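The listed protein sequences derive, respectively, from chains A and B.
Note that my numbering has the first sequence beginning at 1126, numbered continuously upward.
Note that my numbering has the second sequence beginning at 1126, numbered continuously upward.
Protein chains: 2
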Amino acid sequence: MSEDIRRLALQCRDAAQAVAALPTAAKDAMLHAMADALLADAGAILAANAADLEAARGKGVSSAMLDRLRLDESRLQGIASALRDVAALPDPVGQVTRRDTRPNGIEVERVRIPLGVVAMIYEARPNVTADAAALCLKAGNGVILRGGSEAIRSNTAIAASLQRALEAAGVPAAALTLVQDLRRETMLSLLQLTDIVDLAIPRGGEGLIRFVAEHARVPVIKHYKGVCHLYVDAGADLDLALRLLVDGKVSRPSACNALETLLVHAGEAQAFLPHAAEALRAHGVELRGDERARSIVPDLSPATDEDYDAEYLDLVIAVRVLDSLDEAIAHIRRHGSDHTEVISTRDPAHAARFVQALRSAVVMVNASSRFSDGGELGLGAEIGISTTRLHAYGPMGLEALTVERFVVRGDGQARHPAPDPAARAPAASA
Amino acid sequence: MSEDIRRLALQCRDAAQAVAALPTAAKDAMLHAMADALLADAGAILAANAADLEAARGKGVSSAMLDRLRLDESRLQGIASALRDVAALPDPVGQVTRRDTRPNGIEVERVRIPLGVVAMIYEARPNVTADAAALCLKAGNGVILRGGSEAIRSNTAIAASLQRALEAAGVPAAALTLVQDLRRETMLSLLQLTDIVDLAIPRGGEGLIRFVAEHARVPVIKHYKGVCHLYVDAGADLDLALRLLVDGKVSRPSACNALETLLVHAGEAQAFLPHAAEALRAHGVELRGDERARSIVPDLSPATDEDYDAEYLDLVIAVRVLDSLDEAIAHIRRHGSDHTEVISTRDPAHAARFVQALRSAVVMVNASSRFSDGGELGLGAEIGISTTRLHAYGPMGLEALTVERFVVRGDGQARHPAPDPAARAPAASA
Chain A
1126 MSEDIRRLAL
1136 QCRDAAQAVA
1146 ALPTAAKDAM
1156 LHAMADALLA
1166 DAGAILAANA
1176 ADLEAARGKG
1186 VSSAMLDRLR
1196 LDESRLQGIA
1206 SALRDVAALP
1216 DPVGQVTRRD
1226 TRPNGIEVER
1236 VRIPLGVVAM
1246 IYEARPNVTA
1256 DAAALCLKAG
1266 NGVILRGGSE
1276 AIRSNTAIAA
1286 SLQRALEAAG
1296 VPAAALTLVQ
1306 DLRRETMLSL
1316 LQLTDIVDLA
1326 IPRGGEGLIR
1336 FVAEHARVPV
1346 IKHYKGVCHL
1356 YVDAGADLDL
1366 ALRLLVDGKV
1376 SRPSACNALE
1386 TLLVHAGEAQ
1396 AFLPHAAEAL
1406 RAHGVELRGD
1416 ERARSIVPDL
1426 SPATDEDYDA
1436 EYLDLVIAVR
1446 VLDSLDEAIA
1456 HIRRHGSDHT
1466 EVISTRDPAH
1476 AARFVQALRS
1486 AVVMVNASSR
1496 FSDGGELGLG
1506 AEIGISTTRL
1516 HAYGPMGLEA
1526 LTVERFVVRG
1536 DGQARHPAPD
1546 PAARAPAASA
Chain B
1126 MSEDIRRLAL
1136 QCRDAAQAVA
1146 ALPTAAKDAM
1156 LHAMADALLA
1166 DAGAILAANA
1176 ADLEAARGKG
1186 VSSAMLDRLR
1196 LDESRLQGIA
1206 SALRDVAALP
1216 DPVGQVTRRD
1226 TRPNGIEVER
1236 VRIPLGVVAM
1246 IYEARPNVTA
1256 DAAALCLKAG
1266 NGVILRGGSE
1276 AIRSNTAIAA
1286 SLQRALEAAG
1296 VPAAALTLVQ
1306 DLRRETMLSL
1316 LQLTDIVDLA
1326 IPRGGEGLIR
1336 FVAEHARVPV
1346 IKHYKGVCHL
1356 YVDAGADLDL
1366 ALRLLVDGKV
1376 SRPSACNALE
1386 TLLVHAGEAQ
1396 AFLPHAAEAL
1406 RAHGVELRGD
1416 ERARSIVPDL
1426 SPATDEDYDA
1436 EYLDLVIAVR
1446 VLDSLDEAIA
1456 HIRRHGSDHT
1466 EVISTRDPAH
1476 AARFVQALRS
1486 AVVMVNASSR
1496 FSDGGELGLG
1506 AEIGISTTRL
1516 HAYGPMGLEA
1526 LTVERFVVRG
1536 DGQARHPAPD
1546 PAARAPAASA
């Protein structure tokens, strides 16, 4: 069994070399062909999805999970159109990011190349099968897709459709490999293939992500959760702050870039909190506050330390009143998840201090946490979000699926132009 | 014990925040003060080193190891001067690598920030204690140094000296933490601190590196070995090729960027190999060839598949005669280590194909493999070499000790400007 997954991964790696060699126009044509194939195969895909939905209903899964699993004509159109959007993005592969001629005349270039083979580990959303495949392939990589068992029929139909488009473009189907064997030990074997898989990206609940992070021997890029903060500074524009608060909490509470905690400077709490509570409650939000917040808005439920660590993903927000910017920074350092933090302030020095003191992947000054998203930040698309402070940090687009290497061109330069046969260097590193 | 290393690492993380906040001038002054301190403490450091050397001799370690361990006035001057060189390098922290104003008016910047805490795991060279500390601190990080037991007295004296300079600069000494407890289980505990250590860099023999890579839960950047190839193409300038061959093999055979395998196109083998053998033998190099090479230079010893996988780190080279560029590419794909490959050619299309087809971190056209080095490639210094195709690939300088994050500035932009209280988004990711 672990031999099977190894064989599949090796086939993907070989196929990835063909993808890496494709010029941009060929990759883009392939992505359009993939979109066409999905629409042409809509009947088969929707039938497979209906079977997944029926099986899931039989197991009594939640309605939220059923919604994530469900495809229809309109969602399939959306998936196809996302593939065309990826085709329209600039190709990072081959980009020369730096060029330098050294004193000895060698020309040193940094050039983006694909990572190689990316393993996506995800749960019930069948759209990830197409979205992730598109981004990985556009960046010149092979992709191994391991989705959730609830979506296996949908994923299989989507992958088969996409693979036909690959083959029509002259790319081996294995460049897009869907794992059919969903046993946990097979996923473990996949995550141990350090000589074949260059990166694993888990997407889904915190449990799945922790499982992948704890068991992988291949590099993993991930984020566990987004405990995003809004700090309303002394002297802030309170209308502006209220706009960021409401957008951050209610526009999509289930998103990882939704606000989970509101921190308010004591000097503004009296003026701000009653309005904040009213506006949030109009959207059905429950507020949980510390003693000071509750002294201003008496009917708040009490917040505990656990509330300040929580990623509610729901219409709940924790509130705390603080005496200074430094206290806000200390709170976020203690409870934050390195995802996204927002300051609402009129003081440029306070904004600078907030940005400098916090190590989070995304820091916003007077803008909504909900902009912490690959599309909104201008990456064009998003393969995932990293709170690992390595390679990529924050929303990851196409570029994060490549790495820069060195290409050197010379005309015969040697490092030690005329080595003396008698001189033997002692054992040493470069 | 694992509690102790956790406590040390937490102290380092806290101290790293102070380093991250230092302006460039303060960091550079600190690096000069570190250099001054090393020279002022030369007596104590050399005495500690003498004790290490005596203990090592008592254990009967190799003369190569003794040479790596040994410090003297001149080597200490070299270490101090390397610290000043790091001070002179441009500071990557705070660099704005991209700036973009989105259609909604938010300004998105990508800004370099420090990684956080870097753990260096190394063997007998006490100079790494100062070199690695300098690079990590200049990039705004804290550093946890875990050197080899043979060098513990030297490392302790060097670290104590450097820490005094840190404290004089107002930086907590813990920003440079030397692990005194060298038990293997303590190193294992250090490599499990995923919430504190942002990156581990092992430097040393393949055994140490494999141990770290296999046991770490924190991200690891590493290279196992450098099996570097020179391919002499059909129609190559054979004098130029000979220069690259001799420089690559003999100028420092123990370096990871030294050549280990010579691939020659059959059309040039008759003309090239006798000269190559003669030139290499004049430097004491043993050549091991395949059948075809031995039919041209009859007294070559035979090469096996193991020779083609070997990193000799010694005056030995494997030789193979091939019929085409594609055969050379296939050989390197099979036997290479993704480190550095060289083509000697006059044909730009062949050069382009070689560069494109190989995924190695550094590819050279008509230049010596020995340029695969941070200093030679213009990075200014080198903290390590990565053949992990993620974050950094190839020689790593200061920049590889930072990561880009997002800073967004707006004037109150919300993603969904006026959310409708009645509309609740379904559970979904960003």
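All C-beta atoms, glycine included, are put in the ideal place defined by N, C-alpha and C.
Just so it is clear, the structure is predicted and the values come from calculations on it, not from any experiment.
Helix, strand or coil at D1197(A) [DSSP, three-state]: coil
Per-residue DSSP class, three states only, for Y1114(A): Coverage of chain A is limited to positions 1126 through 1555, which leaves residue 1114(A) absent and any answer about it impossible.
Option nearest G1414(B) by Cα separation, candidates A1175(B), L1515(B) and D1430(B): D1430(B)
Three-way DSSP call (helix, strand, coil) for T1311(B) in this model: helix
Cβ-Cβ separation, S1485(B) to E1466(B) (assumed contact under 8 Å), whole Å: 5 Å
Segment contact flag, the region 1145 to 1158 of chain A with the region 1177 to 1185 of chain A, C-beta cutoff 8 Å, min 3 pairs: Flag = no, the region 1145 to 1158 of chain A and the region 1177 to 1185 of chain A do not touch.
Near-chain A residues of the region 1485 to 1513 of chain B (beta-carbon distance less than 8 Å), N- to C-terminal order: Cβ contacts with chain A: S1485, A1486, V1487, V1488, M1489, V1490, N1491, A1492, S1493, R1495, F1496, S1497, D1498, E1501, L1502, G1503, E1507, I1510 and T1513.
Positions along the region 1228 to 1248 of chain A whose CB lies within less than 7 Å of some CB in chain B: I1231, V1233, I1238, L1240 and G1241
Buried/exposed call for R1138(B), threshold 16 Cβ in 10 Å: buried
Alpha-carbon spacing of D1166(A) relative to L1262(A), whole angstroms: 20 Å
Buried versus exposed, by CB contacts within 10 Å (16 or more), S1511(A): S1511(A) should be labelled buried.
According to DSSP, residues forming a beta bridge with M1489(B): Answer is V1533(A) and V1467(B).
Residues of its chain near V1490(A), where Cβ-Cβ distance is below 6 Å and the 5 sequence neighbours each way are ignored: Counting only Cβ-Cβ distances below 6 Å, and skipping sequence neighbours, we find I1468 and A1476.
Alpha helix (DSSP H) segments (min. 4 residues) lying fully within the region 1172 to 1222 of chain A: 1188 to 1194 and 1198 to 1213
Neighbour list for Y1349(B) in chain A, Cβ cutoff strictly below 9 Å: Those within 9 Å of Y1349(B) in chain A number zero; the least Cβ separation is about 10 Å.
8 Å Cβ cut-off: residues of chain B touching P1344(A): P1344, T1513 and L1515
Contact with chain A by G1519(B), beta-carbon distance below 8 Å: yes
Residue environment, R1495(A), which counts as buried when at least 16 other CB atoms sit within 10 Å: buried
Under 7 Å by beta carbon: chain E residues contacting R1271(A): In the structure shown, chain E cannot be found, because the protein chains are A and B.
Within-8 Å CB hit, R1471(A) to chain B: no
Extent of the continuous beta strand (DSSP E) run through Y1356(A): C1353 to V1357
Proximity winner among V1375(B), Y1247(B), G1241(B) and T1149(B), relative to P1215(B) (alpha-carbon distances): It is T1149(B) whose Cα lies nearest to the Cα of P1215(B).
Close beta carbons around L1163(A), own chain, < 8 Å, minus the five adjacent residues each side: I1170, L1201, I1204, A1205, L1208, A1255, I1283, S1286 and L1287
Limits of the beta strand (DSSP E) - the one that A1325(B) falls within: L1324 to R1328
Where the region 1137 to 1151 of chain B meets chain A: residues whose CB sits under 7 Å from a CB there: A1146
Cutoff 8 Å: G1322(A) Cβ touching any chain B Cβ: First, the residue type needs correcting, since residue 1322(A) is Val and not Gly in the sequence shown. Not closer than 8 Å to any Cβ of chain B, the Cβ of V1322(A) fails to qualify, so no.
Distance between beta carbons of N1229(B) and A1141(B), contact taken as under 8 Å: 35 Å between Cβ atoms; not a contact.
Buried or exposed by the 16-neighbour rule on C-beta atoms within 10 Å, applied to A1189(B): exposed
Coarse secondary structure for V1441(A), derived from DSSP in three states: strand
As assigned by DSSP and simplified to three states, the class of V1410(B): coil
Cβ-based burial, A1300(A) [other Cβ within 10 Å; buried from 16]: Buried: at least 16 other Cβ atoms inside 10 Å.
Chain A residues whose Cβ lies nearer than 8 Å to that of L1369(B): G1537 and A1539
Residue burial classification, A1547(B) (beta-carbon count within 10 angstroms, cutoff 16): Caution is warranted here: a pLDDT of 46 is assigned to A1547(B), below 50, making its placement in the model unreliable, and no coordinate value can be reported.
Delimiting residues of the alpha helix (DSSP H) encompassing A1150(A): T1149 to A1165
Proximity test, M1245(B) beta-carbon vs the ligand GDP heavy atom, cut-off 7 Å: For the ligand GDP, the structure offers nothing, since it holds no ligand at all.
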